[in-house]
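If you're matching positions, the sequence shown starts at 1 in UniProt numbering and goes up one per residue.
The beta carbon of each residue, even a glycine, is placed where N, CA and C say it ideally should be.
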Amino acid sequence: MQAPSRTIRWGILGTGYISRAFAEGLRPLPGAQLVAIASRTPSSAQQFAREFGIAKAYGSYGELVQDAEVDVVYIGTPNSRHRDDCLLCLGAGKPVLCEKPFALNAREASEVIDFARKQHLFCMEAMWMRFLPLVQRVRQMVQSGAIGEVCTLTAEFGYPAAFDPSSRLFNRELGGGALLDRGVYPLSLAYFLLGEPESVVSQAAIATTGVDEQSSYLLKYAGGQLAMLSANLRTYASNEAVITGTRGQIRIHAPFYKPHQLSVTTFAAASDGSSQASGGNRPSSLKQTVASAVQDNSLLQRLYLQFADPFLKRLRQPTKTILEPYAGNGYGYEAAEVMRCLRSGEIESRIMPLDETLAIQKTMDEMRRQWGLAYPQDEI
């Protein structure tokens, strides 16, 4: 991270887990100073301030946004509050970094974006995954053609959550569900690497509270690429992302949304234009040869079943592993981008542009429409 040219003074709205993670990420960041915290519960703000050595603790959000010593505000409040809290900050002249999901729906997101642009103030969705070094490297590899033309992207994010109808994860009024909490990560990754899809087909299993407990998304692109994504509150997923191209494959090891390791497999071009692992016969030819050899030999049949097709295994075996851990807890990278933009006078980030935030919100709206899932805020 580059040395700062001036100190940027931060305020935080909300004292939950995500706000604590963000505050921890600011600690080692050069040129960042956390000067104020606000909660609707004064005692919570005071405890947070003691924990992080913050000078000012406010018992209302309105007090913090009027503080002249706050340069920018991070919003870590529940999903259902994001629109109102963004508008509150922007209306007071404060630039905003708003935790994902940026809003509950595209209408809310559009309101915030239009107002930020009208006020000529910086505004960005806090999709911290995009700013991590390894995710940046994957994008560079894809754009440089390191694995040829991308064909597919698969990514899934899931681990079990205790069912509590009143919690932010399962409460429909709070914008709960797997999509907004977890599905937004693989969806944002797909946008980051492949751009905006031309169509989406989605399915979901709906909890008794009316939110999606698990959901899957198939995105189709104009160039024929497919992204197969999923999110889950019920059970564990692989939490990996795999990008496969015509000349190779990138596997972002779990957890893909905060990765430190990836593997790259390079395919060699076959004479007929298909792809194969380097240094071997075509897998289809191998299958035909082995099939005829083992047809009447039970021992060979068992060995074949045990070891499958060694050339296909070789195809999936990484030829290169790249380690690139992130610093601290990883949240400092998105904050560093905000500060870079503020110092250079930019009101949007090139890494997480507002138009893309809005496009993602529209895609999520379409998914929920296909499920028949509406939030109360959709009906306003």
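For residue j and residue i, believed in contact at Cβ under 8 Å, the rounded distance
i, j, result
"Ala32", "Ile8", "6 Å"
"Val200", "Leu219", "5 Å"
"Lys100", "Ala126", "6 Å"
"Ile360", "Tyr191", "6 Å"
"Arg234", "Pro160", "6 Å"
"Ala227", "Pro255", "18 Å between Cβ atoms; not a contact."
"Ser110", "Leu358", "6 Å"
"Leu373", "Gly210", "7 Å"
"Ala21", "Tyr331", "6 Å"
Rounded separation between residue i and residue j - CA only
i, j, result
"Thr154", "Lys56", "45 Å"
"Gly245", "Gly14", "42 Å"
"Ala146", "Ala231", "28 Å"
"Gln377", "Val150", "37 Å"
"Arg369", "Ser202", "9 Å"
"Lys287", "Thr152", "Bear in mind that the predicted position of Lys287 carries a pLDDT of just 48, short of 50, making it too unreliable to give a figure here."
"Val65", "Tyr58", "10 Å"
"Ser238", "Tyr217", "16 Å"
"Gln143", "Ser60", "45 Å"
"Gly176", "Gln214", "12 Å"
"Gly53", "Val73", "17 Å"
"Phe122", "Ala335", "13 Å"
"Arg168", "Phe267", "44 Å"
"Gln249", "Glu156", "17 Å"
"Ala162", "Asn171", "13 Å"
"Glu337", "Thr321", "27 Å"
"Asn79", "Gly224", "34 Å"
"Ile75", "Ala222", "35 Å"
"Gly11", "Gly345", "19 Å"
"Tyr17", "Thr41", "15 Å"
"Ala36", "Ala68", "11 Å"
"Ser285", "Pro259", "Its pLDDT being 47, under 50, Ser285 is placed unreliably in this model, and the value from its coordinates should be taken loosely. So the two alpha carbons sit approximately 37 Å from each other."
"Leu342", "Ala45", "26 Å"
"Cys89", "Leu262", "38 Å"
"Tyr333", "Trp128", "7 Å"
"Gly91", "Gln140", "37 Å"
"Tyr375", "Thr77", "17 Å"
"Leu29", "Asp212", "37 Å"
"Leu189", "Glu356", "11 Å"
"Ser278", "Arg251", "The predicted position of Ser278 is uncertain, since its pLDDT is 39 and thus under 50; a value taken from the coordinates is nonetheless stated next. If you take the alpha carbons of Ser278 and Arg251, they lie about 18 Å apart."
"Ile351", "Gln47", "34 Å"
"Leu179", "Leu229", "10 Å"
"Tyr257", "Ile243", "14 Å"
"Val112", "Thr319", "46 Å"
"Lys94", "Lys118", "13 Å"
"Val96", "Gly148", "38 Å"
"His253", "Glu240", "5 Å"
"Ser43", "Glu63", "15 Å"
"Gly183", "Met124", "19 Å"
"Pro353", "Leu193", "14 Å"
"Val138", "Val264", "10 Å"
"Glu348", "Cys86", "15 Å"
"Arg282", "Arg247", "Any reading at Arg282 is ruled out, since the residue's pLDDT is 42, under 50, leaving its predicted position unreliable."
"Trp371", "Asp181", "17 Å"
"Ser5", "Glu379", "46 Å"
"Ala207", "Leu187", "21 Å"
"Asp84", "Tyr236", "33 Å"
"Glu51", "Gln136", "32 Å"
Paired residues, beta bridge with residue i - DSSP
i, result
"Glu198", "Per DSSP, none; premise fails for Glu198."
"Gln119", "Answer is none; Gln119 lacks a bridge partner."
"Leu13", "Ala38, Ile75"
"Ile113", "Paired residues: none, contrary to the question."
"Ser263", "Arg251, Thr321"
"Met129", "None, per the DSSP bridge assignment."
Next on the checklist: Check whether the stretch 97-106 and the stretch 361-377 are in contact - that is, three or more C-beta pairs closer than 8 Å.
Outcome noted: By the criterion of at least three beta-carbon pairs nearer than 8 Å, the stretch 97-106 is in contact with the stretch 361-377.
Item to check | Completely contained alpha helix (DSSP H) runs for the stretch 16-65, where each covers 4 or more residues | outcome: 17-26, 42-52, 61-65
Item to check | Secondary structure, alpha helix (DSSP H): runs of 4+ residues fully inside the UniProt domain "GFO/IDH/MocA-like oxidoreductase" (135-251) | outcome: 184-194
Checklist entry - If you scan the stretch 305-377 from start to end, which runs of the alpha helix (DSSP H) of 4 or more residues do you find wholly inside it? => result Fully contained in the stretch 305-377 are the following alpha helix (DSSP H) runs of length 4 or more, in chain order: 310-316, 332-344, 354-371.
Next on the checklist: For a minimum of 3 consecutive residues, which ranges assigned as the beta strand (DSSP E) are wholly contained in the stretch 68-111?
Outcome noted: 72-75, 96-99
Checklist entry - Does the stretch 324-339 come close enough to the stretch 129-143 to have 3 or more Cβ pairs within less than 8 Å? => result yes
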